[in-house]
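Notes follow the structure.
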Amino acid sequence: MANNMILERLEGVKTRFIEVGELLTKPDILSDMDRYVKLNKEYKDLQPIIESYERYKLALSNITSTKELLGTEKDEEMREMAKVELEALNSHIPEMEEEIKMLLIPVDPEDEKNAVMEIRAGTGGDEASIFAGDLFRMYSKYFEQKGWKAEINRFSEGTAGGYKEVVFSVSGDGVYGILKYESGVHRVQRVPQTETQGRIHTSAASVVVLPEADEFDVVIKNEDIRKDTYCSSGPGGQSVNTTYSAIRLTHIPTGIVVTCQDEKSQLKNYDKALIELRTRLYNLEYQKYLDEVSHRRKTMVSTGDRSAKIRTYNYPQGRMTDHRINLTMYNLPSILDGNIQEIIDKLQMAENTERLKESNI
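This is how it looks when you write it as structure tokens:
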């Protein structure tokens, strides 16, 4: 039995798909790169829905024709074949409808973007910095698995190892849509390297994941930026403390300051700093959306409230707990080695279930 609400929604999507396809051929759209890029993305996003719609319509059509055959066919062998076919077709309809429902959930347009991540040591002194370093290693391993590229913008090392702060950009397919679940406070429970009595301490590090803004998202006027150069510090060879390659950009209207010193080239540092500045300006507005969403979805509390405790890593028990969906796993060494995909999959599943309820499909 066809779901009329789904069919109605799909017809609306198909109408928009055709409309966007026609718009993409118009000269005024082709000459407006900003609008062309947005429409082209919308067209590509709608394609999978249209393909599923066509398969769904074909299945419904086959069900109708098979029923008609059963109503007129006298040959018993043919009738039995038609019954088997009808049963198979009907069994696939609910699965197809669930797939379409998921595709019809409004997609966050930011999900396809690259990301800027920052990990900062929180409460716990030196142990917090060491833990921040452990988190950076965990994510680095995960990026390798995904074939993503990560570039450090700046860092500040902890006195006993790890990082007080590390900021880096991540590029690849659908990066932000996957990493956004990592925003929040990560807590570790273990015996610190500095502890002589063998007591378990609790330390924390915060992770912030921002969708990387591109040049079409934010336009920054040159007169609104103050650019300062200074000598790099930390590892880097002969150029450190000898050339003014490090960059500090201050956005005068908002007071936002970003720095980059990872590259030996001042120009490369400037480009990376500009991307981060653009991203932070873009996120001033994007955060309003996240705040509104977080009131409705428990899985999004990490991005709506970046001070929320989202995960605990308990070393003595080899346990990881994600507090948003009450997920506990006892394979901590594997998780810290970058195997976090299962956690992200379960978070995505929980969020999609919530979004499906919101959409009333």
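Just remember that my numbering sits 21 ahead of the position in the sequence shown, which is counted from 1.
Think of the CB as a built atom: it goes at the ideal place given N, C-alpha and C, for glycine as much as any other residue.
Please read all numbers here as calculations on a predicted model, not as lab measurements.
Straight-line CA distance for residue i to residue j?
| i | j | result |
| --- | --- | --- |
| residue 55 | residue 125 | 25 Å |
| residue 321 | residue 202 | Per-residue confidence for residue 321 stands at a pLDDT of 48, beneath the threshold of 50, marking its modelled position as unreliable; the derived number appears in the next sentence. C-alpha separation (whole angstroms): 7 Å. |
| residue 139 | residue 112 | 47 Å |
| residue 152 | residue 292 | 30 Å |
| residue 210 | residue 332 | 11 Å |
| residue 257 | residue 115 | Residue placement at residue 257 is flagged as unreliable, the pLDDT there being 46, under the threshold of 50; the coordinate-derived value follows with that caveat. So the two alpha carbons sit approximately 58 Å from each other. |
| residue 261 | residue 65 | Its pLDDT being 45, under 50, residue 261 is placed unreliably by the model, and the measurement read from it follows with that caveat. Near 46 Å, if we compare the C-alpha coordinates of residue 65 and residue 261. |
| residue 247 | residue 276 | 10 Å |
| residue 365 | residue 97 | 52 Å |
| residue 283 | residue 267 | 8 Å |
| residue 290 | residue 27 | 50 Å |
| residue 35 | residue 82 | 18 Å |
| residue 221 | residue 143 | 17 Å |
Which same chain residues end up closer than 7 Å to residue i when comparing Cβ atoms and leaving out the 5 residues on each side of it in sequence?
| i | result |
| --- | --- |
| residue 87 | 103, 106, 107, 110 |
Between which residues of its own chain and residue i is the CB-CB distance below 8 Å, once the five residues before and five after are set aside?
| i | result |
| --- | --- |
| residue 73 | 117, 120, 121, 124 |
| residue 195 | 132, 133 |
| residue 219 | 212 |
| residue 339 | 351, 352, 353, 354 |
Specify, as a first and last residue, the run of the beta strand (DSSP E) that residue i falls within.
| i | result |
| --- | --- |
| residue 335 | 330–335 |
| residue 232 | 222–232 |
| residue 284 | Neither: residue 284 is in no beta strand (DSSP E) and is coded neither H nor E. |
| residue 338 | Residue 338 -> no beta strand (DSSP E), and no H or E assigned at all. |
| residue 345 | It is not in any beta strand (DSSP E) - residue 345 carries neither H nor E in the DSSP assignment. |
| residue 205 | 205–211 |
Hey, quick one: how far does the alpha helix (DSSP H) through residue i stretch, first residue to last?
| i | result |
| --- | --- |
| residue 251 | Premise fails: residue 251 lies in the beta strand (DSSP E), 246–251, not in any alpha helix (DSSP H). |
| residue 87 | 54–93 |
| residue 353 | 353–357 |
| residue 105 | 97–125 |
| residue 140 | It is not in any alpha helix (DSSP H) - residue 140 instead sits in the beta strand (DSSP E) that spans 136–142. |
Quick one: what's got a C-beta closer than 6 Å to residue i's C-beta in the same chain, skipping five residues either side?
| i | result |
| --- | --- |
| residue 141 | 186, 227 |
| residue 280 | 175, 269 |
| residue 137 | 190, 231, 233, 297, 300 |
| residue 10 | The chain is shown from 22 up to 382; residue 10 falls before or after that span and cannot be answered. |
Looking at C-alpha atoms only, which residue of the options is the closest neighbour of residue i?
| i | options | result |
| --- | --- | --- |
| residue 160 | 94, 282, 229 | 229 |
| residue 250 | 285, 242, 44 | 285 |
| residue 271 | 265, 290, 294 | 294 |
| residue 273 | 287, 288, 243 | 243 |
By DSSP's criteria, residue i is part of a beta bridge. Which residues make up the other side?
| i | result |
| --- | --- |
| residue 173 | 189 |
| residue 178 | 184 |
| residue 268 | 250, 281 |
| residue 30 | Paired residues: none, contrary to the question. |
Cβ of residue i versus every heavy atom of the ligand GDP: is any distance shorter than 7 Å?
| i | result |
| --- | --- |
| residue 277 | By its list of ligands, the structure shown contains no ligand whatsoever, and the ligand GDP lies outside what it can speak to. |
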